[in-house]
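> One structure follows; several queries about it will come next.
Number of protein chains: 2
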Amino acid sequence: MAKVTLQTIADRLGVSRATVSYAFSRPDQVSAELRRRVMEVADELGYAGPNPTARSLRLGRAGALGLLFSETLAYAFADPYAVGFFQGLATAAEDAGVGLLILPLPRGDQRTEPVRNAVVDAFCVVSLPDGHPALDEVLARKLPVVVVDEPYVPGHPFLGIDEPAAGALAARHVLELGHRRLGVAMVGLHDDGHIGWSDVSRQRAATFEAMRGRRDGYQAAAEEAGVDWARVPFYELSRNSREAGRQAGHALLAANPRPTAILTNTDVLALGVLDAAADLGLDVPGELSVVGFSDSAAQDAGLTTIRQAKQEIGAEAGRLLLGGAPARPGRVLFPHELIVRASTAPPPPEPP
Amino acid sequence: MAKVTLQTIADRLGVSRATVSYAFSRPDQVSAELRRRVMEVADELGYAGPNPTARSLRLGRAGALGLLFSETLAYAFADPYAVGFFQGLATAAEDAGVGLLILPLPRGDQRTEPVRNAVVDAFCVVSLPDGHPALDEVLARKLPVVVVDEPYVPGHPFLGIDEPAAGALAARHVLELGHRRLGVAMVGLHDDGHIGWSDVSRQRAATFEAMRGRRDGYQAAAEEAGVDWARVPFYELSRNSREAGRQAGHALLAANPRPTAILTNTDVLALGVLDAAADLGLDVPGELSVVGFSDSAAQDAGLTTIRQAKQEIGAEAGRLLLGGAPARPGRVLFPHELIVRASTAPPPPEPP
DNA sequence: CCTGCCTCCTTAATCAATTAAGACCTTAAT
DNA sequence: ATTAAGGTCTTAATTGATTAAGGAGGCAGG
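Chains as they are written, first to last, in my numbering: chain G, 12 to 363; chain X, 12 to 363.
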């Protein structure tokens, strides 16, 4: 079972390789009769058509879009926000008839060969921490690039929301309800696996730009309302899971004085905080208000959250990369919206 | 900004292309000094390293695994079962340092070019209906193939569960609790978009082998217990969503006599059935028992379901395709397990 | 008969690399 | 001095296709 190429078929039929190529890719350049015989021999030899790699090389297009996540894929797909974004992007790829090449970036691993070796026409980068080596590798490839959420790369299109504004919107909501004792649970600030309390300087040093911005928004709104941010208990997680949220919830709710409102930067985390409240027999929203983020898992739980256009962002990323027109660099900010549900209410009256 | 290749660098330095290639791929074949200069010039010219496509062609490997879903990706990722499987596969791909090329197969579309043109080393096919043209295309490529869930292709490895046994296990559970008036809601039997009642001959003609098998299991267990299957109301859906489940639930619960137990082939559908029951003020499990499938979204809702090893199946698929050793053809069946939670109980006493 | 025009096919350059084999020079051992 | 052994680089074949340009033959019109 030697390898079968165009040449094999050409030799069998006593024609040139070029003719066989035309038979496959431009039927009208070849007589119907000869084309029939070409297909016949191809079938007989089990030839499935021109080798895609060779074709890609000659044509200069790969027929695929590269996708980079910071997280292990197993994590990425556990996050409903990522799934929503992915759906939008996948639909765009479908429409364009190109594949989506998901590139593995093992956690903490500095090996970036996958990026170097990826057979793609463009890259979509999602949520990479500042200074991640894979990003340099992507930029070195000199292919069209779109960055989603973070980090902003001057000279390339960026898609996301106005994070500080969205964060401020969430915080202002509870502040306007009258809350003054806040607590915060956030995931995805740093890449170092830290779990636990985080002071202001550590918060500010977060390596993920989007989450840093979201937090800045929290702080700005809090200070605007006269809350001393340095006193706001801030619990950091390394995994975006319900269980992690519960852990943060227990830590925050054990603080003295106990927060009356907890801000989280993902809905999944917020669900975990609700679990913690339930564990302690606290009434939500009577005794505790909880705000999520993304409106990805919030509806059933009646969670107040910030909605962002996940799928639209994915679709737009696809359009920019596959649409042919060279994308304009600069930030494209998508709208966000506060969705008030049943997890927030005014704080309980102060104990006398 | 002309194209920069190995040759460009070679010319600049007055060395041969081969030398530059060695500098990149086999540092010890070239003097340290020259290698340094090569890298210097490469940097200066903005050369990111050998062209991946040309490399792939020459080396004969693509560095990617092709993945085929029957569904639009947007659907596929809405299903927690698919996400779980995908996580397992992605982890295996990560370990092997290869990418995962997701191939778009627009619904009903007969265009299979994406499969023909995919630059991959192997294919993983998930849940394709019988006779889907993309499968022929995949087989024609003569690359390693693993099929997951369906359809079974003689001569290639197959991974999945014993569907008839799993279906029978689910049905037997409610039958043994004493239920005799069953109802069934299933998605993914046919590819024709049909929504509504389905008679036995249509059920039997389902084009998705796995779901057909699962249904066969339901029927076998029912008949074993003396239930006349032709009388069992059977509602078919075309989308696996909670809303679809609710629709099926309403249809089934309006049947006369009303079923006391409803079997569904996905957890998501089961959640929708629970919604319908809640709409009607029916107590679950007091007045109605509901069984899901996959244990993918069941835990929080207290759903009785069949657990299957989603991630393990994905991981094994990856291992078979990337492990180097040629995979043995034939079926590999993974274990399944009945998880009894709070959605099933004995039927209410017959009205006198 | 000559010319022009089709149709159908071939020639040959090209895409961007990898790598076995060989050339050339230096150094070390016999 | 001779030979062998390394180290470093070059030559040239190879991977499997695409496609512009050109040639051969047939046919119609002047």
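Just so it is clear, CB atoms sit at the ideal spot from N, CA and C, and this is done for glycine as well. As the structure is a prediction and not an experimental result, all values here were calculated from the model.
#1: From the DSSP secondary-structure annotation, give me the bridge partner or partners of Glu348(X).
#2: Where are the beta strand (DSSP E) runs, 3 residues long or more, that stay fully inside the segment 263-326 of chain G, in chain order?
#3: When you measure from the CB of Tyr246(G) to every non-hydrogen atom of the ligand ZN, does any distance come out below 7 Å?
#4: Give the residues of chain X in contact with Asn251(G), contact being defined as C-beta atoms less than 7 Å apart.
#5: How far does the alpha helix (DSSP H) with Ile20(G) in it reach, from first residue to last?
#6: Grab me the residues of Ala107(X)'s own chain with a C-beta within less than 6 Å of its C-beta, minus the 5 sequence neighbours each way, in chain order.
#7: Can you look up Glu161(X) in the DSSP assignment and give me helix, strand or coil?
#8: Since Ala75(G) and Leu112(X) are thought to touch, with beta carbons under 8 Å apart, how far apart are those beta carbons, to the nearest angstrom?
#9: Which residues bound the alpha helix (DSSP H) around Ala241(G)?
#10: As a quick exercise: from Arg242(G), Ser138(G), Pro140(G), pick the residue whose alpha carbon is nearest that of Asn267(G).
#11: Exposed or buried, what is Arg342(X) when buried is set at 16 or more other beta-carbons lying within 10 Å of its beta-carbon?
#12: Closest to Asp311(G) by CA distance: which of Arg253(X), Ile317(X), Gly77(X), Arg223(X) is it?
#13: Listing by chain order, which chain X residues have their CB less than 7 Å from the CB of Phe97(G)?
#14: Along the segment 329-356 of chain G, where does the CB come closer than 7 Å to a CB of chain X? Name the residues.
#15: How would you call His167(G), buried or exposed, if buried means at least 16 neighbouring beta carbons within 10 angstroms?
#16: If you drop the 5 nearest sequence neighbours on each side, which residues of the same chain put their C-beta closer than 7 Å to that of Thr123(X)?
#17: Based on DSSP bridge pairs, tell me the residues matched to Met197(G).
#18: Using a threshold of 8 Å, state whether the C-beta atoms of Gly178(X) and Asp239(X) are closer than that.
#19: Decide if Arg37(G) is buried, meaning its Cβ has at least 16 other Cβ atoms within 10 Å, or exposed.
#20: Counting only Cβ-Cβ distances shorter than 7 Å, please list the residues of the segment 104-133 of chain X near chain G, keeping chain order.
#21: I believe Leu139(G) touches Leu79(G) by the beta-carbon criterion, under 8 Å. Please report the beta-carbon distance rounded to the nearest angstrom.
#22: If we ignore side chains and look at the alpha-carbon of each, how far apart do Asp278(G) and Val351(G) end up?
#23: In chain order, what are the residue ranges of uninterrupted beta strand (DSSP E) at least 3 long that sit wholly in the segment 91-178 of chain X?
#24: Once you ignore the five residues that flank Pro360(G) on each side, which residues in its own chain have a CB closer than 6 Å to its CB?
#25: Is the CB of Pro63(G) under 8 Å away from at least one CB in chain X?
#26: Quick check on Gly224(G): does DSSP put it in helix, strand or coil?
#27: Applying the criterion that 16 or more other CB atoms from any shown protein chain within 10 Å of the CB defines a buried residue, is Pro165(G) buried or exposed?
#28: Three or more beta-carbon pairs under 8 Å between the segment 96-103 of chain G and the segment 292-304 of chain G, yes or no?
#29: What are the residues of the segment 153-171 of chain G that lie near chain X, defined by any Cβ-Cβ distance shorter than 7 Å?
#30: Can you tell me the Cα-Cα spacing of Ser27(G) and Leu68(X), whole angstroms?
#31: Phe35(X) lies in the alpha helix (DSSP H); which residues open and close that run?
#32: Which residues bound the beta strand (DSSP E) around Leu78(X)?
#33: Check whether the Cβ atoms of Val131(G) and Ala328(G) sit closer than 8 Å, and answer yes or no.
#34: Give me the residue from Gln230(G), Gly207(G), Gly204(G) with the minimum Cα distance to Gly174(G).
#35: Report, in whole angstroms, the separation of the C-beta atoms of Ala288(X) and Leu299(X), which I expect to be a contact under 8 Å.
#36: Closer than 8 Å between beta carbons: that is the criterion. Which residues of the segment 286-303 of chain X meet it against chain G?
By the coordinates alone:
#1: In DSSP, Glu348(X) forms a bridge with Arg318(X).
#2: Runs of the beta strand (DSSP E) lying entirely within the segment 263-326 of chain G and spanning at least 3 residues, in chain order: 272-275, 300-302, 316-319.
#3: What this structure holds is no ligand at all, so the ligand ZN is not there to describe.
#4: The contacting residues do not exist; Asn251(G) stays about 14 Å from chain X at best.
#5: 17-24 is the span of the alpha helix (DSSP H), which, as asked, contains Ile20(G).
#6: If we look at Ala107(X) and ignore the five residues flanking it on each side, its Cβ neighbours are Leu333.
#7: It is coil, neither helix nor strand.
#8: Between Ala75(G) and Leu112(X) a beta carbon distance of about 6 Å is seen, short of the 8 Å cut, so the two are scored as contacting.
#9: Counted as a single uninterrupted DSSP element, the stretch harbouring Ala241(G) is not any alpha helix (DSSP H), since DSSP gives it neither H nor E.
#10: Here the closest residue by C-alpha is Arg242(G).
#11: In the assembly as shown, Arg342(X) is an exposed residue. Its beta-carbon has fewer than 16 other beta-carbons within 10 Å.
#12: Checked all of Arg253(X), Ile317(X), Gly77(X), Arg223(X); the closest Cα to Asp311(G) is Arg253(X).
#13: Phe88, listed in chain order.
#14: Within the segment 329-356 of chain G, no residue has a Cβ lying closer than 7 Å to any Cβ of chain X.
#15: Label assigned to His167(G): buried.
#16: Cβ neighbours of Thr123(X) beyond the five flanking positions: Pro144, Ala145, Glu148.
#17: Glu247(G), per the DSSP bridge assignment.
#18: For Gly178(X) and Asp239(X), no; Cβs fall outside 8 Å.
#19: Under a 10 Å Cβ-count criterion, Arg37(G) is classified as exposed, with fewer than 16 other Cβ atoms of the shown protein chains found around its own Cβ.
#20: Ala104, Glu105, Gly108, Gly110, Leu111, Leu112, Ile113, Leu114, Pro115, Pro117, Glu124, Pro125, Arg127, Asn128, Ala129, Val130: these are the residues of the segment 104-133 of chain X whose beta carbon lies less than 7 Å from some beta carbon of chain G, given in chain order.
#21: Between Leu79(G) and Leu139(G) the Cβ distance is about 7 Å, and since that is below 8 Å, they are a contact.
#22: Whole-angstrom Cα-Cα distance: 13 Å.
#23: Entirely contained in the segment 91-178 of chain X, the beta strand (DSSP E) runs reaching 3 residues are, in chain order, 110-114, 133-137, 156-159, 168-172.
#24: Taking C-beta separations shorter than 6 Å and ignoring five residues to either side along the sequence, Pro360(G) has no partners in its chain.
#25: Interface residue, yes.
#26: Per DSSP, reduced to three states, the secondary structure at Gly224(G) is helical.
#27: Flag for Pro165(G) reads exposed.
#28: Touching, no.
#29: For chain X, the residues of the segment 153-171 of chain G that bring a beta carbon within less than 7 Å of one of its beta carbons are Lys153, in chain order.
#30: C-alpha separation (whole angstroms): 22 Å.
#31: Phe35(X) -> alpha helix (DSSP H) spans 28-36.
#32: From DSSP, the beta strand (DSSP E) with Leu78(X) extends over 75-80.
#33: Not a contact, by the Cβ cut-off of 8 Å.
#34: Sequence check: residue 174(G) is Glu here, not Gly. Looking at the Cα atoms, Gln230(G) is the closest of the given residues.
#35: Contact flag correct, Cβ pair sits at about 5 Å.
#36: Within the segment 286-303 of chain X, not one residue has a Cβ closer than 8 Å to any Cβ of chain G.
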